[in-house]
Amino acid sequence: MASVVINGERYDVADGERLIDVCDRVGVYIPRFCYHPNLSVAGNCRMCLVEIEGMPKLQISCNTNVRDGMSVLTDSQKVKEARADVLEFIFINHPLDCPICDQAGECKLQDYYMEVGLYKSRMPQEFKVKKPRKAIRWGSGIVFDAERCVLCTRCVRFMEEVVGKRAIGVTNRGDHEEIALLEPLSTLYAGNLADICPVGALTSEDFRFKMRVWFLSRTDTICPGCSRGCNITAWHKDKKIYRFTPRQNDSVNHAWMCDIGRYSYKEENSSSLILKGWVREGSGTKEMATPELLGVLAQELKGLKGKAKESSVAALVAPDRTNEEIFTVCAFMAEIFGSSRVVLDVPAPKGPKDDLLLTGEMASNPAGLSLFAFRSAKPYTIDAFKQDLKEGKLEAVMLFGDAWEGLEAAWPGMQEAFKALPTLAIFASKRKASFPQARFVIPSASMIQKDGTWVNVTGHVQRVRKAYRLNRDILADGESLGLLAEFMGESFQVGKLEDITKRFLEAIGGLSGASLADVGLEGVSLPSEEQPKHLEA
Amino acid sequence: MEKAIKILTQNFGLEDSHTLEAYTKTGGYQAVRKVLGKIAPEGVIEEVKRSNLRGLGGAGFPTGMKWSFISKPSKKPVYLLINGDEGEPGTFKDRTIMTRDPHRLIEGVLLASYALGAHTAYIYVRGEFTFCMEALGKAIAEAKEAGYLGKNILKSGFDLDVYIHPGAGAYICGEETALIESLEGKPGRPRNKPPFPAVVGAFGCPTIVNNVETIAHVPQILLNGAEWFAKIGSDRNGGTRLFSVSGHVKKPGVYELPMGTPLREILYEHAGGIIGDSPLKGVIPGGSSAPILRPEEVDVGMDFDQLAKIGSMGGSGGIIAMAEGTCMVWALHNLARFYAHESCGQCSPCREGTGWAEKVLRRIEGGHGTASDIELLEKIAKGMMTRTICPLADACALPILSYLKKYRDEFEAHVREKRCPVRPKRAA
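Chains as they are written, first to last, in the working numbering: chain A, 1 to 537; chain B, 1001 to 1428.
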């Protein structure tokens, strides 16, 4: 332990911790361009200079480790002057093109200018060294603007240290120095370059000029792309997502995300989603408002109730549903039908896998699904379901979720097998998930339209957040099931999200007593003995 | 005048002074015989400490103290790097040692490596100095042949290999951490400190970087004793150093003189005075990075401490004299252009500041400056000083501030008259 004094306030911190990290944590912000907590220290921008007692020169806080008894000033006159001077140096060869720069609004140069600069330019335009070299397409969705670069080398270090490729380098010297592409980026992590660039030198081809960032609302949520569950921020406006950006979480994804996840936001927008449900009648389909649709489904299910109801109905949950949805479906089946026929071992679709983030399981919650399945002593497996289906025991099947590609890959002829079913209902969000054989397609809330939790590949329970609901026909699965029960003349109390989360965590063990509030922004990890076992295979 | 003491240059007059034969005939490799296996490495460091030998590359850091920063025993190999990247404008001394008396350097390397426990030493030679590399290469081969390098040197059980590493032409590689980067095959960009090279240096191992001239002093210190050496120089500045005198003097050249020799004596006695017996206008005492001195300041004793006291620095010992008739704005612009060109571009203040200063100076010298430009120049210099990884920004800022302080009227005249009032107009 070390005791440090920052601007007169005493803090107890770990000995040897980086000063800039300590300041960040205690809420004393120090401006920086080159420092990034997940990259090595470059110490070249010189913006983070602070005054340390007993040292004649100002020191960069990114390369200073705290020692016991250290006394630091981050807002002294000397520090303020240094910051203003350094910022002016960075500005002199920078173009004044904020109005046409896509970084505007989230640009460190703009921020710091307002904070410590506010001077008039003393550098005539014709003297600027950097000549406009703009909008150079680097490939992999990255656009480079040489003129705006402040040479912090974050991108160089990211490629070298995180991706492991010397694809970006610095050429020339002095004020003619320039960032250059040395070989094609060709990585699934290129999108991060636009995020870590503190200025408008590297921007995202996909996002640029689509929307000014200050018009966008932010929702902190989890990437639905794969079972890593990268922490992200969804940027949206008027019920449309414009981009996903990673959110710092060192126990999951540090500050990165892959491009597959990054651009998966497009699949969460209305053009890819089921906006209104339908029922198949004869050779055609008939669109219906969801309550109406559920009413028709309820009539069919009610008819079953007289028969051997426990054995004639089954449900399948895809590995992209939230823990709460999994729990609710199981509860619904048990309470309404007295049935435990819920298939929980639906495999996740296969996808790319690497050492960095991509897990190869292209669904958001296979771990949650399998953890909940393990709780049951006698699970209803996919093989048992297939057998029942083959033997014609089943009258009605309900499918919950979108990620069926894994099941389809493991079960050739799946669509055919469903054909003979009298009643097949699917509660899905995405158009691509609607089964051609389904008689009922009920719009279910997509990840941006609902609250809940997912468990990631390492057993980290994380929170998905609702930003908006596209229309009144889209319901969360819990709401749909509540209505369905009502139309069947039964009562099914869904309960509050907080309670379901609590009960789910209790059921899987290891995190008993934890609540939704504990999950919070950072998530909570399951103890190692309780971590998902399906991965060991 | 009493007979001057010559240490480094004592053999320069000999024919074939670069050969092993000439060196051994004049007492060469005697220090090695005296020390290796007979005096403990700690004893060698102690002796060098007491000799007041200072780092003659420019910083003037006490050499013995620098050596003591290597913690022993070291789990990793220790490296000794010899800085022969001599690039400071106005400095041309190390090349004379490397070409005329390379064995003196090699013996010094051997002794220093012994003191540090290093078994590999690199001599980093400025890329343009192919002739130095040639001479050194021959000398290393000779020394190896004679058993002064290689395995089990003089049966003492001590091993040492010396390699020559050519630089690639960047001034900044004279800065020790940039030199290490360059040696490792990377672009020459100084490293953040801490960690210091004595802890994490070349290839991640403890490393000491010393200047050629500094190391060439070591054999005589160990042969004649620390007291003998310390007595030659001035207070806390032991021995002699090589002064590279250039500019408007009658006899430019390299002069070996005791530390603390008055600048006036060097200029007017050794270098023969100013060309055409013109009055002196200014003199740079320690390489281009050293703040300039006015004629009334030339009585200063040329050692690190006395020069620091009057606000300049000993630096690399490169003395550049400027006679009346030199335009100080032009001279400063020349320097600024050098620093702008040589800034590695890593730290924002230096990368942008050196270039900016150069542009403002070009403007003033060309007669396009405004009154605010002089203040701007001062602001730029102060803005980049002490705020960067290495001292290159300071090396540019210090001269700017000193010229502005000591020759301000000349800058103002440029702005007022909208032309250079000193230099004759160039033909259109």
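Each residue gets a CB set at the ideal place from its N, CA and C atoms; glycine is no exception. All of these numbers come straight from a predicted model, not from anything done at the bench.
Kindly indicate which residue of the options has the alpha-carbon position closest to the one of residue i.
i	options	result
A:V143	A:A194, A:S121 and A:H36	A:A194
B:G1013	B:E1256, B:P1279, B:E1352 and B:T1261	B:E1256
B:N1211	B:K1405, B:G1084 and B:V1360	B:G1084
B:K1093	B:E1265, B:D1409 and B:L1242	B:L1242
B:G1247	B:I1274, B:E1265, B:A1230 and B:F1229	B:I1274
A:T245	A:A331, A:W278 and A:F207	A:F207
A:L407	A:V397, A:K350, A:N192 and A:I90	A:K350
B:T1351	A:K276, A:S340 and A:K130	According to the sequence as given, residue 1351 of chain B is Arg; it is not Thr. Out of A:K276, A:S340 and A:K130, A:K130 has the C-alpha closest to the C-alpha of B:R1351.
A:G459	A:E88, A:P56, A:I442 and A:I508	A:I508
A:K239	A:F215, A:V13 and A:R262	A:F215
A:F418	A:A403, A:A428, A:A396 and A:E405	A:A396
B:K1186	B:L1267, B:T1370, B:G1366 and B:C1173	B:C1173
B:D1303	B:I1380, B:K1076, B:L1053 and B:G1027	B:L1053
A:L304	A:L316, A:K393, A:L511 and A:D355	A:K393
A:E160	A:D12, A:L344, A:T187 and A:E268	A:T187
A:K276	A:L151, A:I442 and A:G295	A:I442
Kindly give me the distance between the Cβ atoms of residue i and residue j, rounded to whole angstroms, as I take these residues to be in contact under 8 Å.
i	j	result
A:L483	A:T501	Their Cβ separation, rounded to whole angstroms, is 22 Å, which puts A:L483 and A:T501 out of contact at 8 Å.
B:I1180	B:T1207	6 Å
B:A1135	B:H1018	5 Å
A:S270	A:L470	6 Å
A:D451	A:F400	With 8 Å as the limit, A:D451 and A:F400 do not qualify as a contact, their Cβ atoms being about 16 Å apart.
A:A234	A:I448	6 Å
B:D1305	B:N1224	That pair is no contact at about 23 Å.
A:E17	A:N65	7 Å
B:L1332	B:L1293	Contact doesn't hold; Cβ gap of about 14 Å is too wide.
A:S340	A:A334	6 Å
B:G1060	B:K1049	No, B:G1060 and B:K1049 are not in contact; Cβ-Cβ is about 15 Å, not under 8 Å.
For residue i, is the classification buried or exposed, using 16 other Cβ atoms within 10 angstroms of its Cβ as the cut-off for buried?
i	result
B:H1368	exposed
B:A1308	exposed
B:L1008	buried
A:G8	exposed
B:E1145	exposed
A:V26	exposed
A:W256	buried
A:E324	buried
B:M1001	The predicted position of B:M1001 is uncertain, since its pLDDT is 41 and thus under 50; no value can be drawn from it.
A:A537	Only weak support exists for where A:A537 lies, its pLDDT of 39 falling under 50; the value from the coordinates is given anyway. A:A537 is exposed by the Cβ-count criterion.
B:A1428	Note that B:A1428 scores a pLDDT of 46, beneath 50, so its modelled location is shaky; the value from the coordinates is reported in the next line. With fewer than 16 Cβ atoms within 10 Å of its Cβ, B:A1428 is classed as exposed.
B:D1409	exposed
A:G225	buried
A:P527	exposed
B:Y1339	buried
A:V4	buried
B:E1358	buried
B:G1090	buried
B:A958	Because chain B in this structure spans residues 1001 to 1428, residue 958 of chain B falls outside the shown range and cannot be described.
Checking the sheet assignment: what are the DSSP bridge partners for residue i?
i	result
A:E9	A:I6
A:E51	A:L73
B:P1166	B:V1125
A:E361	A:K350
Under 7 Å: does the beta carbon of residue i sit that close to some heavy atom of the ligand SAM?
i	result
A:T381	This structure lacks the ligand SAM, and indeed carries no ligand of any kind.
Discussion item. Beta carbons nearer than 7 Å to chain B: which residues of the stretch 52-66 of chain A have them?
Written reply: K57, L58 and N63
Fill in: Members of the stretch 74-90 of chain A near chain B, C-beta cut-off 9 Å
E81, A82, A84, D85, V86, L87, E88, F89 and I90
Fill in: Contact residues within the stretch 1339-1351 of chain B, judged by C-beta distance below 7 Å to chain A
A1340, H1341, S1343, C1344, G1345, Q1346, C1347, S1348, P1349 and R1351
Worksheet item: If contact means a Cβ-Cβ distance below 7 Å, which residues of the stretch 1043-1066 of chain B contact chain A?
Response: none
Worksheet item: Of all the residues that make up the stretch 1374-1408 of chain B, which are near chain A by a beta-carbon distance shorter than 9 Å?
Response: L1376, K1379, I1380, K1382, G1383, M1384, T1386, R1387, T1388 and I1389
Item to complete: May I ask you to list, following chain order, the residues of the stretch 110-138 of chain A that have a beta carbon less than 8 Å from some beta carbon of chain B?
Response: R122, M123, F127 and V129
Practice prompt. Below 8 Å between beta carbons is the criterion; list the residues of the stretch 143-154 of chain A that meet it against any residue of chain B, in chain order.
Written response: V150 and L151
Practice prompt. Below 7 Å between beta carbons is the criterion; list the residues of the stretch 1349-1370 of chain B that meet it against any residue of chain A, in chain order.
Written response: P1349, R1351, E1352, G1353, T1354, G1355, W1356 and K1359
Item to complete: Name, going along the chain, the residues of the stretch 1178-1207 of chain B whose beta-carbon falls closer than 7 Å to a beta-carbon of chain A.
Response: Residues passing the 7 Å Cβ filter: N1192.
Fill in: Near-chain B residues of the stretch 98-110 of chain A (beta-carbon distance less than 8 Å), N- to C-terminal order
Cβ contacts with chain B: none found.
Worksheet item: Quick one, which residues of the stretch 165-187 of chain A are near chain B if we go by CB-CB under 8 Å, in chain order?
Response: V170, N172, R173, G174, D175, H176 and E177
Item to complete: Please name the residues in the stretch 23-47 of chain A whose beta-carbon is closer than 7 Å to at least one beta-carbon of chain B, in chain order.
Response: V41, G43, N44, C45 and R46
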